[in-house]
Amino acid sequence: MSPTVRFLPQTDRFPEGQEYEDHREQHDDVGGCHGCLQPCLRILLQRDTLECMHDGDSGHRKQCKRFNDPGHAHFLTFSCFRRQPFFSGDVAPKWFLEGVDHARKKVGFHLWAYVIMPDHAHLVIWPGETYSISRILWWLKTPFSHRILTHVRENHPKFLPRM
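Residue 1 is where the sequence shown starts when you use the UniProt record's numbering, and the numbers rise one by one after that.
Encoded structure:
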């Protein structure tokens, strides 16, 4: 399956007078959980590794420091459990994007771009002035995971041990 890539129209840029150099210290060596978009997105998309929440195949989750910096965009990565290709079909990507749209309306953020791969997804969002990235992440992940688990329990119970 080839990746689903969408770049959405965007007019928001750095606040006048600020440049990329002003934000360089905000980026970690793997793209991190945060960052500014212009022109950092090019740098983030060129990296081989774009995760910060998962430590390889060990199953150990690293802790990320979450930033709530007004005016900053966020590059978010969501990996499927044990890197299984849950997004390889048609239903999960569709439901994930419906969940993103619901979260966007519920918590109030702009979706600038997204990529859905078989075992993970990337989003670039801009929350605006006042927000909690933890609350945004909750709204992006929890309703979707509950919907998928309910569907699997009702329609594919033999698949549950893999989850």
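We put the CB at the ideal spot given by N, CA and C, even for glycine. Note that the structure is a prediction, hence the values are computed from the model and not measured.
Excluding sequence positions up to five before and after Lys105, its CB lies less than 6 Å from no other CB in the same chain. Contact between Ala113 and Phe87 is ruled out by a C-beta separation of about 16 Å, above the 8 Å threshold. Of the candidates Val115, Ile133, Lys94, Ile116, the residue whose Cα lies closest to the Cα of Phe109 is Ile133.
Residue range 133 to 155 is occupied by the alpha helix (DSSP H) that includes Thr150. In the structure shown, Ala103 falls within a helical segment according to DSSP collapsed to helix, strand and coil. Around the beta-carbon of Gly89, fewer than 16 other beta-carbon atoms lie within 10 Å, marking it exposed. Spanning the alpha carbons of Pro93 and Val124 requires a straight line of approximately 16 Å. Looking from the CA of Arg147, the closest CA among Leu160, Phe96, Pro157, Tyr131 belongs to Phe96.
Looking at the DSSP output, His74 bridges to Ile125. Rounded to the nearest whole angstrom, the CA to CA distance from Pro143 to Ala73 is 23 Å.
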